[in-house]
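For reference, the structure discussed in these notes is given below.
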Amino acid sequence: MSTSSNPMGVWDCHTHIYGPWAQFPLPANATYTPEPAPFSELLTLHRQLGINHGVLVQAAPYGTDHAAILQAIAGSGGRYRGVGIIDDTTTDAQLQALHDGGLRGIRFNLMGHLPGTRDPQKLRALAERVAPFGWHVLVHGDLAVLMPLLQAWRDLKTPLVIDHMARPDLTGPVDPTLMRELRTELGHSNRWIKLSGIDRAMQGRPGPWPQALDQVRTLLECAPHRAIWGSDWPHPNIKGPVPDDAHLLDFIRQVCDSPALRQAVLIDNPARLYT
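For the sequence shown, this note's numbering assigns the number 111 to the initial residue and increments by one for each residue that follows.
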């Protein structure tokens with residue numbers, strides 16, 4: 111796509127970086143072994159796509175070692191933020207250092223192939239710890255797993271961002287009860303949704319994905335001022351071919367079928383959440 115079609119200030123709210131291995135090697139117990147994807151490559155992609163800002167989501171293999179994303183954020187001139195991974199050994203001083211380094215949230219990985227506690231009480235305690243910093247919690251899991259937590263945590267002050275649209279399979283019928291419950295959750299003022307992972311929702315089928323537009327628009331309509339977008343570059347642990355990031359950006363621009371919606375999802379909403 112032409113980068114000139116993007117206004118200034120566009121955010122990509124979901125990326126990962128891996129390496130360079132000489133500086134940021136994977137630990138011996140890494141949960142998966144990705145190809146190297148250093149920050150320099152992400153910057154090149156974002157320049158090509160006309161994306162000005164990004165969010166570096168801590169890659170699961172690095173665990174709670176945030177050295178790679180902290181260095182990248184420090185060298186970005188304020189254009190990038192981060193979402194980290196913490197556990198019950200993370201100290202208050204470490205949280206403050208992460209905040210000072212540009213992190214604005216934490217991620218709960220509730221997918222079976224990723225590490226991390228699934229204990230609701232421990233997760234809630236972590237969510238409460240980051241609330242004083244004004245952070246959010248990115249919750250990554252499929253809808254059947256997420257819904258009980260979302261409903262139980264309605265009194266949490268910490269905003270919850272539903273990652274990758276709660277990992278639906280959009281190649282067939284979606285459970286109408288779960289989708290109705292998701293739409294209800296998005297009616298609450300501290301619930302956000304990330305309209306990302308369309309390639310995963312389409313089970314690796316190549317874009318464009320016109321058959322998924324209505325489903326994604328339905329979610330956007332529930333929270334137009336609390337919806338964000340991310341590419342998921344470099345697309346770890348995917349089935350099938352690596353998606354074209356330009357197609358992913360084109361898709362969200364089609365979902366946001368007015369200039370006002372594109373301004374909200376790609377610029378204003380993420381700026382409010384991450385700055």
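Just so it is clear, CB atoms sit at the ideal spot from N, CA and C, and this is done for glycine as well.
Local conformation of residue i per DSSP, three classes
i	result
D354	coil
T113	In this prediction, T113 scores a pLDDT of 39, lower than 50, which makes its location untrustworthy; no coordinate-derived value is stated.
V365	helix
T125	strand
N379	helix
H274	helix
R387	This structure does not reach residue 387, given that the chain is present from 111 up to 385, and the question cannot be answered.
V284	coil
T385	coil
L296	coil
I338	strand
L253	helix
H176	coil
R301	strand
G136	Per the sequence shown, residue 136 should be read as Leu rather than Gly. Coil, per DSSP.
R372	helix
V120	coil
A169	coil
A147	strand
P130	coil
H345	coil
CB contact flag (residue i, residue j, <8 Å)
i	j	result
L270	H246	yes
P230	L259	yes
V120	V165	no
A237	T268	yes
A322	I308	yes
M275	L329	yes
R372	R382	no
P171	T200	no
M257	L288	yes
G317	G350	no
H124	S341	yes
Test: residue i CB closer than 8 Å to a CB of chain B
i	result
W319	Here there is only one protein chain, and chain B is not present.
Identity of the residue in the options nearest residue i by Cα
i	options	result
W387	L153, H357, W131	Any question about residue 387 goes unanswered here, given that the chain covers just 111 to 385.
R301	Q158, M221, R189, R336	R336
L180	D122, P144, R191	R191
R157	D122, A374, N347, I272	D122
P146	Y384, G129, A138, T281	G129
P144	P346, D273, L305, M221	P346
V255	L220, A241, A370, W131	L220
R310	I183, I161, I377, V352	V352
T294	R264, P148, S306	R264
A178	H163, I195, N162	I195
P150	T174, L376, I183, A169	A quick correction: the sequence has Ser, not Pro, at residue 150. Of the listed residues, the one whose Cα sits closest to S150 is I183.
P283	G215, D324, S306	D324
D354	A138, L159, G187, D252	L159
I161	G173, I272, R189, T281	R189
S306	H250, A203, P286, R290	H250
Supposed contact pair residue j and residue i - C-beta distance, whole angstroms, cut 8 Å
i	j	result
H126	V167	6 Å
R217	L248	4 Å
L155	W343	6 Å
A333	L296	4 Å
Going residue by residue through the region 185–235, where are the continuous beta strand (DSSP E) segments of at least 3 residues, counting only ones entirely within it?
190–194, 213–219
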